[in-house]
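> Once you've had a glance at the structure underneath, I'll fire off some questions.
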Amino acid sequence: MIKSKFELEHQITHDGVGNYYLSLGAKLFNEMLDNYLESLPRKRYYFRIPSRIYFEDSVSKEILSKLVWKIPIKKISEKYNTYPKIVRETCDKWDIKRPESHYWNKLIKEKEKEPK
């Protein structure tokens with residue numbers, strides 16, 4: 510109920526006694542560490558941001574929709590230092606149409622057939 514009422518994307522857990530715990534997520538937690546420099550040193554640990562979140566923050570829907578038709582997904586993943594699976598899943602999540610797997614091979618063959 511709390512999660513839907515406040516439209517929270519992170520996990521909320523209940524311990525059964527009446528206490529609720531909200532997971533902030535690595536990105537928000539790391540931002541808080543950067544903003545509150547005087548916090549307790551023993552609690553100043555940065556967390557790894559999942560590749561999917563990092564990739565979605567690094568590229569916009571418009572740019573990704575153009576890139577998937579200009580270069581193969583493997584090259585996009587190398588450019589953004591992530592995995593091809595994450596690029597494909599992000600395309601699906603954002604409803605971005607991408608070329609079939611044989612599309613790039615077909616282009617290469619067509620270029621080879623062109624007279625020089």
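Heads up: the sequence shown begins at 510 in my numbering, then just goes up one per residue. Ideal Cβ positions, reconstructed from N, Cα and C, are used throughout, including at glycine. Bear in mind the structure is a predicted one, so any value in this text is a computation, not a measurement.
Closest to E540 by CA distance: which of R553, P581 and K588 is it?
Indexing the sequence shown from 1 puts residue 540 at position 31. Checking every option, the nearest Cα to that of E540 belongs to R553.
> Can you give, in chain order, each stretch of the alpha helix (DSSP H) that sits fully within the region 567 to 624 and has at least 4 residues?
Within the region 567 to 624, the complete alpha helix (DSSP H) runs of at least 4 residues are 570 to 579, 582 to 588, 593 to 602 and 612 to 622.
> So, at 6 angstroms on beta carbons, what are the nonlocal neighbours of T530 in its own chain, with the 5 sequence-adjacent residues on each side left out?
In the sequence shown, residue 530 corresponds to position 21, counting from 1. What sits at residue 530 in the sequence shown is Tyr, not Thr. T522, listed in sequence order.
> So who's on the other strand from L531, going by DSSP bridges?
In the sequence shown, counting from the first residue as 1, residue 531 sits at position 22. In the DSSP output, where bridge partners are listed per residue, L531 has I521.
> Keeping to the same chain, check which residues put their C-beta closer than 8 angstroms to that of N528; ignore five residues upstream and five downstream.
Reading the sequence shown from its first residue, position 19 is the one you call residue 528. For N528, where only same-chain residues beyond five positions count, there are no Cβ hits under 8 angstroms.
> Below 8 angstroms, can you find three or more Cβ-Cβ pairs linking the region 586 to 604 to the region 558 to 565?
Judged by Cβ distances under 8 angstroms, the region 586 to 604 makes contact with the region 558 to 565, as three or more pairs qualify.
> Check this for me: beta carbons of I605 and V577, under 8 angstroms apart or not?
Start at 1 with the first residue of the sequence shown, and residue 605 comes out as number 96. Start at 1 with the first residue of the sequence shown, and residue 577 comes out as number 68. Taking 8 angstroms as the Cβ cut-off, I605 and V577 qualify as a contacting pair.
> Rounded to the nearest angstrom, what separates E516 and L533 at their Cα positions?
What you label residue 516 is simply residue 7 of the sequence shown in a count that begins at 1. What you label residue 533 is simply residue 24 of the sequence shown in a count that begins at 1. Whole-angstrom Cα-Cα distance: 13 angstroms.
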